[in-house]
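J.: Have a look at this one.
Dropping the structure here:
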């Protein structure tokens, strides 16, 4: 289990830190001396979940590797908003090549480090487009060869940088520029798309995990775990996108939380293809609560609510709850340590 | 500048790009008024002292508490704690046991012998405080801290007013009362006991006092005419409790009826039980919902075997036969007689029908307004008579010890303003920290720690304290349940959740915004657990 039982009653372990917690119980993010891998002045939108997710993951990895880290970035929002020439927001060793080849470049960097005999760890990272669509072949190869790379996907469920187009990670019914709200089945179709964490698990890599920007302790624990292992590893982080999702900039973390608490985004970790732990739902909510706050689902809540579509999305959440055992009688509504 | 072909700028940090210019609203740190502080009649900074208690620094918690209220061990026992009623945590699980923690701090202070902060530099002015109940003691304390000399007079033989002569020892042990009073007197106060003031102006002139604070309380039990035989024992509950406090309890017999529905009625009934009454019946003319007594007192009394006779009035008392008439509530909720009577066996009848104030010491001063039996006062607590202030039960307000403590503080400040020729201006209140300002996701569920009650059997015959205190472990747990509504408690959330690293963590564990880079997304506001950040529009 990456989740710690809660011993401190004022804020549990949900907040970033707390003056009364021992240093080792606080997150990397609570440390005034954290790396700040991606620095101020980047051009991400207000409330960008991806900028936040990248800093969370990379700061944790920087601590785990004692700063001996190289990061390879695919094309995408993260690359564009962080490095418009002549500025860069990266305060770590960072490399960008092409949209589709980040996993292969990361493999090369890892091989180079091995040949040079340097103990530098490698992370490859991309958005969901670069991971599940464009870079998928290279990523699958990296998994299959078991190259010593942690690949992180910052999943904001679409091609947001180029104007919000559908990716294979866009959920059903969501409006994008290529799945407009027209015709008998408005928004993205049901029954398509890829569940990359499960595809990664099918490659039998040593570690696969999902996380969100709403649970920092969990996210950091997973980065730590991943960096303690070698070979191909995969981390899939849900990072809400105010622009593409049509949500309030202040709602970014709240939406990530609702995605997990509704069951639509299961948070778990797996080793060698077997789920080893799940983060149980603490206060389960119905999917409406998550969907309503996003304009990409506004058509579901028009004068005639699309109850059938909402029911299908709820069924997806319920299926996740059943598949990953997300509702645990022992932990439901009980934050107290026994 | 030497740059490669087709490149016009050198590579540099993105910090050159001040994204703060995108912003139309800016976050600012605020201190909102927690509902507990807002509800406290004594004006305590409850969130403030719980904050200190959370780290286990009980002395500093106590010192924060006594800035406003010098009687925490007493208030931790007798206060009806409106703070807990309004506590935002009610909507998460249960209210924080503020009163229990206050008592723990008060008891810890007594156990360690912590003394109050010393008196202020002598101002050369001299104030007369009439009455040594909670209002008089509170005023004395605050006046001494402001450097005024104080003479405290009381008509009774001992200090404490209704805390000694009204509240029974099983609710407020005398050792606690004595300890907290002594601490105030130790600040250098001239005390005159058995000293009744008959004319305030004469007393002022004679003693050369620069100002007077009247905290004479409401000591006279209200009477009602009950046709009664010569042998029937009808006793005023106020006098009864006073006599018990003087260790001279009257004989009541085995069957005692108490008439009334306030806390005094319950104090009298529970005291009668302890003195050996087998039956203690409270006769009240209205129903449970309309009864003014506190819910806790009611439940404890029932637990001790006190019985209730709702919707009834006493119509006569002959020999040992007490006649009650049944009442019915009319459409407006007022009780009306039904003409139906019932007989009760009774050896004594205690009247607890409310108390009046003896204001004869203010007679002959037309500038003093007395309305509904109480003195009207300005916000500074000054009466119509310049330099004469009043507070506590003698003024229009809820008649509780905590209100009286608050009056004492306010009057002391009013007197200080008066003596310095300043106009009293009440400080503006901060915006209330409403539940909607909180993000309660971050607070782990944790039900409150209850103070154990003395086992019923043990308390029935004794004046031992009924409610026991918290252990240190429980007090710490309870303090940490505080959600710190509206006031930063250093959880690092804002520092952690900013996508633009625009929150700076300072050396003192507090934070500030770097407006060069803050884009105004307001995630920090949404994820601040306690609602201590607010968005305000930028001037554009």
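Residue numbers (the working numbering), protein chains in the order written: chain E, 1 to 338; chain G, 1 to 540. Idealized CB from N, CA, C, for every residue including glycine. No experiment lies behind these values; they were computed from the predicted model shown.
(1) Kindly indicate the opening and closing residues of the alpha helix (DSSP H) around residue 121 of chain E.
(2) Does any residue of chain G have a CB that is nearer than 7 Å to the CB of residue 1 of chain E?
(3) Taking the beta carbon of residue 256 of chain G as the centre, do at least 16 other beta carbons fall within 10 Å, making it buried, or is it exposed?
(4) For residue 349 of chain G, collect the residues of the same chain with a Cβ closer than 6 Å to its Cβ; drop the 5 residues on either side in sequence, then sort them by chain order.
(5) Judging by CA-CA distance, which residue of E:81, E:14, E:270 is the nearest neighbour of residue 38 of chain E?
(6) Beta carbon of residue 232 of chain E, beta carbon of residue 222 of chain E: below 7 Å?
(7) Quick check on this structure: which residue in G:202, G:165, G:196 has the alpha carbon closest to the alpha carbon of residue 581 of chain G?
(8) For residue 429 of chain G, count the other beta carbons within 10 Å of its own beta carbon; 16 or more makes it buried, fewer makes it exposed. Which is it?
(9) Between which two residues does the beta strand (DSSP E) harbouring residue 154 of chain E extend?
(10) Taking all protein chains shown into account, decide if residue 380 of chain G is buried (16 or more other Cβ within 10 angstroms of its Cβ) or exposed.
(11) Taking the alpha carbon of residue 319 of chain E as the reference point, which residue from E:307, E:103, E:265 has its own alpha carbon closest?
(12) Looking only at its own chain, which residues have a Cβ that is under 7 Å from the Cβ of residue 166 of chain E, when we skip the five neighbours before and after it?
(13) From residue 172 of chain G to residue 459 of chain G, what distance separates their C-alpha atoms?
(14) Along the chain, where does the beta strand (DSSP E) containing residue 237 of chain E start, and where does it finish?
(15) Just tell me which of G:415, G:342, G:19 has its CA closest to the CA of residue 383 of chain G.
(16) Using a Cβ-Cβ cutoff of less than 7 Å, which residues in the same chain neighbour residue 89 of chain G once the five nearest sequence positions on both sides are dropped?
(17) Classify residue 222 of chain E as helix, strand or coil using the three-state DSSP reduction.
(18) Closest to residue 494 of chain G by C-alpha separation, out of G:27, G:12, G:11, G:15, would be which residue?
(19) Measuring only between beta-carbons, confirm whether residue 496 of chain G sits less than 7 Å from chain E.
(20) Using CA coordinates, which residue listed in E:304, E:237, E:71, E:312 is at the minimum distance from residue 191 of chain E?
(21) With 7 Å as the threshold, decide whether the Cβ of residue 265 of chain E is near any Cβ in chain G.
(22) Using 6 Å as the cut-off, classify the Cβ of residue 388 of chain G as near or not near the heavy atoms of the ligand COA, replying yes or no.
(23) Quick one: what's got a C-beta closer than 7 Å to residue 107 of chain G's C-beta in the same chain, skipping five residues either side?
(24) In its own chain, which residues sit with a C-beta less than 6 Å from the C-beta of residue 35 of chain E, not counting the 5 before and 5 after it?
(25) For residue 447 of chain G and residue 474 of chain G, what's the separation of their Cα atoms in angstroms?
(26) Have a look at residue 24 of chain E and residue 525 of chain G and give me their C-alpha separation to the nearest angstrom.
(27) Would residue 341 of chain G be called buried (16 or more neighbouring beta carbons within 10 Å of its own) or exposed?
(28) When you compare the region 135-146 of chain E with the region 40-56 of chain E, are there three or more beta-carbon pairs, one atom per stretch, that lie closer than 8 Å?
(29) Against chain G, which members of the region 233-254 of chain E pass a CB distance test of less than 9 Å?
(30) Could you check which residue in G:295, G:276, G:280 has the C-alpha nearest to that of residue 263 of chain G?
(31) With 7 Å set as the bound, which would you pick, yes or no: does the beta-carbon of residue 36 of chain E sit closer than that to a beta-carbon of chain G?
(32) Within 7 Å (strictly less), CB to CB, does residue 41 of chain E reach chain G?
(33) Near residue 266 of chain G, what residues of its chain come up, given a Cβ to Cβ distance below 6 Å and the 5 sequence neighbours on each side ignored?
(34) Starting from residue 326 of chain G, follow its DSSP beta bridges and name the residues at the other end.
(35) Hey, does residue 485 of chain G have any beta-carbon neighbour from chain E nearer than 7 Å?
(36) Would you list, in chain order, the members of the region 284-314 of chain E that have their beta-carbon closer than 8 Å to a beta-carbon of chain G?
T.: In short:
(1) Run containing residue 121 of chain E: none in the alpha helix (DSSP H); it sits in the beta strand (DSSP E), 121-127.
(2) In this prediction, residue 1 of chain E scores a pLDDT of 38, lower than 50, which makes its location untrustworthy; no coordinate-derived value is stated.
(3) That one is buried.
(4) 234, 257, 317
(5) E:81
(6) no
(7) Residue 581 of chain G is absent from the structure shown; chain G starts at 1 and stops at 540.
(8) exposed
(9) 150-155
(10) buried
(11) Comparing alpha-carbon positions, the option among E:307, E:103, E:265 lying closest to residue 319 of chain E turns out to be E:265.
(12) Here the set comprises 158, 176, 178, 179, 188.
(13) Counting only the Cα atoms, residue 459 of chain G lies some 14 Å from residue 172 of chain G.
(14) Residue 237 of chain E -> beta strand (DSSP E) spans 233-238.
(15) Answer by Cα proximity: G:415.
(16) 95, 96, 481, 483
(17) helix
(18) G:27
(19) yes
(20) Restricting attention to E:304, E:237, E:71, E:312, the CA atom closest to the CA of residue 191 of chain E is found in E:312.
(21) no
(22) Because no ligand of any kind appears in the structure shown, any question about the ligand COA cannot be addressed here.
(23) Spatial neighbours of residue 107 of chain G in its own chain (CB-CB distance under 7 Å, excluding positions within 5 residues in sequence) are listed in chain order as 73, 469.
(24) 59, 62
(25) Going by C-alpha positions, residue 447 of chain G is about 12 Å away from residue 474 of chain G.
(26) Roughly 26 Å separates the two Cα atoms.
(27) Burial call: exposed.
(28) no
(29) 242, 248, 249, 250, 251, 252, 253, 254
(30) G:295
(31) yes
(32) yes
(33) Spatial neighbours of residue 266 of chain G in its own chain (CB-CB distance under 6 Å, excluding positions within 5 residues in sequence) are listed in chain order as 293, 297, 301.
(34) G:312
(35) By the rule that beta-carbons nearer than 7 Å mark a contact, residue 485 of chain G does not touch chain E.
(36) none
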